[in-house]
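Student: Protein chains in written order, with our numbering: chain A, 529 to 802; chain B, 3 to 418. Sending over a structure as structure tokens; questions will come in a sec.
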């Protein structure tokens with residue numbers, strides 16, 4: 529409890545206070561009222577950053593869900609060496625983001641990267657991923673999915689293991705093909721897990737930072753600038769702690785709103801009874 | 003009996019206290035020194051400097067706080083805000099102005115008098131860089147300049163004369179075209195399109211970021227548009243300089259060191275790297291200008307924390323570190339940038355090292371130096387400009403459009 533008050537509650541309250549001040553860290557904070565929020569909401573930059581963040585989310589969340597459910601379905605079968613594959617898929621989760629980002633810079637390299645080499649085999653000239661304003665964000669998303677899919681797959685795997693086999697047997701007797709079984713049995717029964725992964729990955733993607741900082745340095749020309757990266761820059765490079773605090777609070781409110789919306793919508797598609 | 007014991011105990015205590023007194027009297031003053039430029043390469047040199055200083059000043063002990071450049075300023079700001087900043091620390095020039103303006107530094111003028119140290123012996127330009135509003139808030143620790151490095155082998159192969167003092171932008175472009183013609187993977191020049199290059203090259207063209215008394219931005223002036231056009235043409239129109247895609251994540255130094263570029267505009271801090279990596283003949287020249295010459299001058303300085311209680315000792319250390327012959331020669335020997343002193347022996351020791359042959363160009367460049375256009379919101383300003391420069395570089399906007407947009411955003415966000 530003391531730990532919570534000291535290290536969580538106090539900083540939260542303090543950052544709320546700071547968001548109404550102008551504070552350059554080195555001199556005492558000055559109260560400026562809602563000025564930070566007024567400037568923030570009126571700035572073109574905010575909308576650019578929001579667009580970039582939205583692009584990330586729209587690509588990342590569905591891809592992550594698809595990839596991790598696919599991996600989990602694969603690992604749910606019994607075959608030789610399944611344990612090794614589990615480890616392989618989970619490895620990126622354990623590795624550091626900085627190392628991962630550096631590897632992905634090579635994978636996505638315009639000339640020598642394996643992605644473009646493979647695209648070349650099938651006759652497609654790959655883009656200069658991270659140096660191209662349209663392809664930089666998809667490049668970052670690919671790396672993020674690679675990094676995070678193992679973890680979500682583990683959660684899905686747990687859910688898949690919990691499905692009673694009799695459903696599949698009954699369906700098979702009624703002539704349902706594997707795809708039908710997947711659509712009508714697996715998907716609805718793992719929907720609570722899908723919901724959980726969707727919510728957490730949404731929250732995570734609002735906070736994407738390291739991969740952007742290392743892979744693209746928020747470039748080219750600001751094309752991969754995202755919220756947390758801006759907060760970091762304003763706080764620690766531009767000496768604008770108050771403004772950065774206001775941005776943090778805005779981010780918090782946005783995440784809260786989106787989470788509530790998801791919560792509301794879950795009634796339509798999440799089935800809690802197996 | 004009882005009394006005797008008490009007396010004995012008293013004598014013992016008194017003895018212990020008496021013995022301990024000299025220890026207290028000679029207790030060393032420990033000062034902390036925060037820095038980012040030692041890195042792993044130069045840490046042994048800094049340790050040697052510390053040892054030499056402590057030997058000469060037995061009453062002062064230095065505690066080094068080495069931090070990587072990436073983390074340094076965030077840590078330092080937190081320390082200053084929390085009252086735990088080192089007694090003295092290193093600042094690069096841009097941050098120096100921000101810290102001085104925000105009242106975090108001690109005025110070194112009176113301190114120098116009290117500590118009986120002088121500012122003689124510093125290179126004047128370097129010393130001037132660390133005064134703010136007429137007060138000396140820091141001493142220069144080292145400085146560096148930007149030069150034109152060139153690959154003699156490639157120049158010979160393309161049959162182009164080596165760069166000389168009379169060269170201008172036109173000569174760079176012409177030489178670049180001939181070298182580019184040598185092969186698909188060979189480029190004429192590498193000179194990044196970014197804020198630092200921009201403010202220097204506009205100076206070469208008679209331009210500037212602000213008006214003379216720094217009350218208005220002049221980023222989109224005709225001189226500046228012309229400059230950016232020149233920078234972009236090298237990449238897009240003539241392609242004597244690689245595009246981002248052509249660079250393919252290869253470092254600029256690597257491109258030059260592997261013989262893929264005829265010229266490279268970079269700082270004298272690259273000498274050690276090139277000496278090791280470049281397997282061809284190379285040399286340096288003062289960077290060519292257009293209407294006039296202008297060369298970068300970068301400096302890291304040492305400052306004293308305003309809240310420190312050991313300012314005099316800190317003053318002794320930072321002046322010794324930056325300007326004593328002993329520490330300067332250690333710096334030269336390690337090839338750790340250039341010591342900011344006017345001492346002939348030190349300068350001669352620096353110039354005598356090879357390669358490059360034309361090492362004296364480092365000092366010649368000083369005649370044309372431009373200091374960074376530092377303002378309080380420097381980091382924010384340079385980022386706004388950088389983004390627009392990149393858009394021009396990638397052909398997304400014309401130079402005029404990019405600079406118009408930069409001008410507009412700067413006027414909105416930056417207080418001059």
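We treat Cβ as the ideally placed atom computed from N, Cα and C, and that holds for glycine.
(1) Using three-state DSSP, classify residue 645 of chain A as helix, strand or coil.
(2) State the Cα-Cα distance for the pair residue 658 of chain A and residue 647 of chain A, rounded to the nearest angstrom.
(3) On the criterion of 16 or more Cβ atoms from any shown chain inside 10 Å, does residue 768 of chain A qualify as buried, or is it exposed?
(4) Of the residues B/94, B/61 and B/368, which one's Cα is nearest the Cα of residue 142 of chain B?
(5) Between residue 236 of chain B and chain A, is any beta-carbon pair separated by less than 8 Å?
(6) Could you check where the beta strand (DSSP E) with residue 67 of chain B kicks off and where it finishes?
(7) Can you pull out the residues from the stretch 240-263 of chain B whose beta carbon lies closer than 7 Å to at least one beta carbon of chain A?
(8) When the Cα of residue 198 of chain B is compared with those of B/166, B/190, B/233 and B/303, which residue comes out closest?
(9) So which residues on chain B does residue 739 of chain A lean against when the C-beta distance must stay under 8 Å?
(10) Would residue 89 of chain B and residue 301 of chain B be called neighbours here (beta carbons separated by less than 8 Å)?
(11) Going by CA-CA distance only, name the one from B/353, B/344, B/318 and B/173 that's closest to residue 335 of chain B.
(12) Using a Cβ cut-off of 8 Å (strictly closer), state whether residue 799 of chain A contacts chain B.
(13) List, from N- to C-terminal side, the alpha helix (DSSP H) runs of 4 residues or more that fit wholly inside the stretch 587-619 of chain A.
(14) Please report the straight-line C-alpha distance between residue 546 of chain A and residue 780 of chain A, rounded to a whole angstrom.
(15) Can you tell me where the alpha helix (DSSP H) holding residue 164 of chain B begins and where it ends?
(16) Please report the straight-line C-alpha distance between residue 555 of chain A and residue 85 of chain B, rounded to a whole angstrom.
(17) Strictly by DSSP, which residues pair up with residue 32 of chain B?
(18) Return helix, strand or coil for residue 299 of chain B, following the three-state DSSP convention.
(19) Would you say the beta carbon of residue 552 of chain A is closer than 7 Å to some non-hydrogen atom of the ligand NAD?
(20) When you compare each of A/673, A/776 and A/687 to residue 541 of chain A by their alpha carbons, which one comes out closest?
(21) Counting pairs of beta carbons, one from the stretch 752-771 of chain A and one from the stretch 728-743 of chain A, are three or more of them closer than 8 Å?
(22) If we count the other Cβ atoms within 10 Å of its Cβ and call it buried at 16 or more, is residue 662 of chain A buried or exposed?
(23) Work out the CA separation of residue 567 of chain A and residue 549 of chain A for me, nearest whole Å.
(24) Is there at least one Cβ from chain A nearer than 8 Å to residue 396 of chain B's Cβ?
(25) Evaluate residue 575 of chain A with the Cβ neighbour count: other Cβ atoms within 10 Å of its Cβ, from every protein chain shown; 16 or more gives buried, anything less gives exposed.
(26) Could you tell me which chain B residues have their CB closer than 8 Å to the CB of residue 748 of chain A, listed as they occur along the chain?
(27) Span of the alpha helix (DSSP H) holding residue 230 of chain B?
(28) Just to confirm the assignment, what range does the beta strand (DSSP E) spanning residue 192 of chain B have?
(29) Write down the C-beta distance between residue 412 of chain B and residue 221 of chain B rounded to the nearest angstrom, noting that I regard them as a contact closer than 8 Å.
(30) Based on DSSP bridge pairs, tell me the residues matched to residue 185 of chain B.
(31) Roughly how many angstroms lie between the CA atoms of residue 327 of chain B and residue 121 of chain B, to the nearest whole one?
(32) Report, in whole angstroms, the separation of the C-beta atoms of residue 297 of chain B and residue 195 of chain B, which I expect to be a contact under 8 Å.
(33) Please report the Cβ distance between residue 348 of chain B and residue 330 of chain B, rounded to the nearest whole angstrom; I am assuming they are in contact, meaning their Cβ atoms lie under 8 Å.
(34) From residue 56 of chain B to residue 118 of chain B, what does the alpha carbon distance come to, in whole angstroms?
(35) Are there 16 or more other CB atoms within 10 angstroms of the CB of residue 32 of chain B, so buried, or fewer, so exposed?
(36) Note down, in chain order, all residues in the stretch 638-664 of chain A with a beta-carbon under 9 Å from any beta-carbon belonging to chain B.
Tutor: Taking the structure as given:
(1) Here residue 645 of chain A refers to the residue found at position 117 of the first chain. Helix, per DSSP.
(2) Looking up residue 658 of chain A in the first chain gives position 130. Looking up residue 647 of chain A in the first chain gives position 119. Cα to Cα, the separation comes out at about 16 Å.
(3) Working through the first chain from its first residue, we reach residue 768 of chain A at position 240. By the 10 Å Cβ count, residue 768 of chain A comes out buried.
(4) Stepping through the second chain from its first residue, residue 142 of chain B is reached at position 140. Of the listed residues, the one whose Cα sits closest to residue 142 of chain B is B/94.
(5) Here residue 236 of chain B corresponds to residue number 234 of the second chain, with the count starting at 1. The beta-carbon of residue 236 of chain B is placed no less than 8 Å from the nearest beta-carbon of chain A.
(6) Within the second chain, numbered from 1, the residue matching residue 67 of chain B stands at position 65. Counted as a single uninterrupted DSSP element, the beta strand (DSSP E) harbouring residue 67 of chain B occupies residues 62-68.
(7) Those would be 246, 247, 250 and 251, in chain order.
(8) The count along the second chain starts at 1 and reaches residue 198 of chain B at position 196. A check of alpha carbon separations from residue 198 of chain B across B/166, B/190, B/233 and B/303 identifies B/233 as the nearest.
(9) Within the first chain, numbered from 1, the residue matching residue 739 of chain A stands at position 211. Residues of chain B passing the Cβ test: none, with the nearest at roughly 16 Å.
(10) Here the question's residue 89 of chain B lines up with position 87 in the second chain. Here the question's residue 301 of chain B lines up with position 299 in the second chain. Not closer than 8 Å, so no.
(11) Sequence index remark: in the second chain, residue 335 of chain B carries index 333 (1-based). Comparing Cα positions, the closest option is B/353.
(12) In the first chain, residue 799 of chain A corresponds to position 271, counting from 1. By this cut-off, residue 799 of chain A is not an interface position.
(13) DSSP runs (the alpha helix (DSSP H)) wholly in the stretch 587-619 of chain A: none.
(14) Position 18 of the first chain, counted from the first residue, corresponds to residue 546 of chain A. Position 252 of the first chain, counted from the first residue, corresponds to residue 780 of chain A. Residue 780 of chain A has its alpha-carbon roughly 15 Å from the corresponding atom of residue 546 of chain A.
(15) Within the second chain, numbered from 1, the residue matching residue 164 of chain B stands at position 162. No alpha helix (DSSP H) holds residue 164 of chain B; DSSP gives it neither H nor E.
(16) By 1-based counting over the first chain, the position of residue 555 of chain A is 27. By 1-based counting over the second chain, the position of residue 85 of chain B is 83. Looking at the backbone, the Cα of residue 555 of chain A and that of residue 85 of chain B are separated by about 12 Å.
(17) Walking along the second chain from the start, residue 32 of chain B turns up at place 30. Looking at the DSSP output, residue 32 of chain B sits in a beta bridge with B/63.
(18) Counting from 1 along the second chain, the entry for residue 299 of chain B is found at position 297. Of the three classes helix, strand and coil, the one that applies to residue 299 of chain B here is strand, per DSSP.
(19) Inclusion of the ligand NAD in the displayed structure is not the case, the ligand content being empty and no account of it being possible.
(20) Along the first chain, read from residue 1 onward, the residue named residue 541 of chain A stands at position 13. Answer by Cα proximity: A/776.
(21) Result yes; three or more Cβ-Cβ pairs closer than 8 Å.
(22) The residue you call residue 662 of chain A lines up with position 134 of the first chain. The residue is exposed, with fewer than 16 neighbouring Cβ atoms inside 10 Å.
(23) Locating residue 549 of chain A in the first chain gives position 21, where the first residue counts as 1. Locating residue 567 of chain A in the first chain gives position 39, where the first residue counts as 1. Computed Cα separation, rounded: 13 Å.
(24) The residue you call residue 396 of chain B lines up with position 394 of the second chain. It does; some Cβ of chain A falls within 8 Å.
(25) Residue 575 of chain A sits at position 47 when you count from the first residue of the first chain. Exposed, by the Cβ-count rule.
(26) Translated into positions along the first chain, residue 748 of chain A becomes position 220. At a beta-carbon threshold of 8 Å, the residues of chain B lying near residue 748 of chain A are 246, 392 and 396, ordered along the chain.
(27) For the purposes of this step, residue 230 of chain B is taken as the residue at position 228 of the second chain. Its alpha helix (DSSP H) spans residues 224-237.
(28) For the purposes of this step, residue 192 of chain B is taken as the residue at position 190 of the second chain. Counting along the chain, the beta strand (DSSP E) containing residue 192 of chain B begins and ends at 189-192.
(29) As a working mapping, residue 412 of chain B is identified with position 410 in the second chain. As a working mapping, residue 221 of chain B is identified with position 219 in the second chain. A Cβ-Cβ distance of about 6 Å is found for the pair residue 412 of chain B and residue 221 of chain B, placing them in contact under the 8 Å criterion.
(30) For the purposes of this step, residue 185 of chain B is identified with residue 183 of the second chain, where counting begins at 1. DSSP lists no beta-bridge partner residue for residue 185 of chain B.
(31) For the purposes of this step, residue 327 of chain B is taken as residue 325 along the second chain, with counting starting at 1. For the purposes of this step, residue 121 of chain B is taken as residue 119 along the second chain, with counting starting at 1. Cα to Cα, residue 327 of chain B sits roughly 14 Å from residue 121 of chain B.
(32) Reading the second chain from its first residue, position 295 is the one you call residue 297 of chain B. Reading the second chain from its first residue, position 193 is the one you call residue 195 of chain B. No, residue 297 of chain B and residue 195 of chain B are not in contact; Cβ-Cβ is about 18 Å, not under 8 Å.
(33) Locating residue 348 of chain B in the second chain gives position 346, where the first residue counts as 1. Locating residue 330 of chain B in the second chain gives position 328, where the first residue counts as 1. Yes, residue 348 of chain B and residue 330 of chain B are in contact; Cβ-Cβ is about 4 Å, under 8 Å.
(34) To locate residue 56 of chain B, count along the second chain from 1; it is residue 54. To locate residue 118 of chain B, count along the second chain from 1; it is residue 116. Taking the straight line joining both Cα atoms gives about 17 Å.
(35) Here residue 32 of chain B is taken as the residue at index 30 of the second chain, counted from 1. Classification for residue 32 of chain B: exposed.
(36) Result list: 638, 639, 640, 641, 655, 656, 658, 659, 660 and 661.
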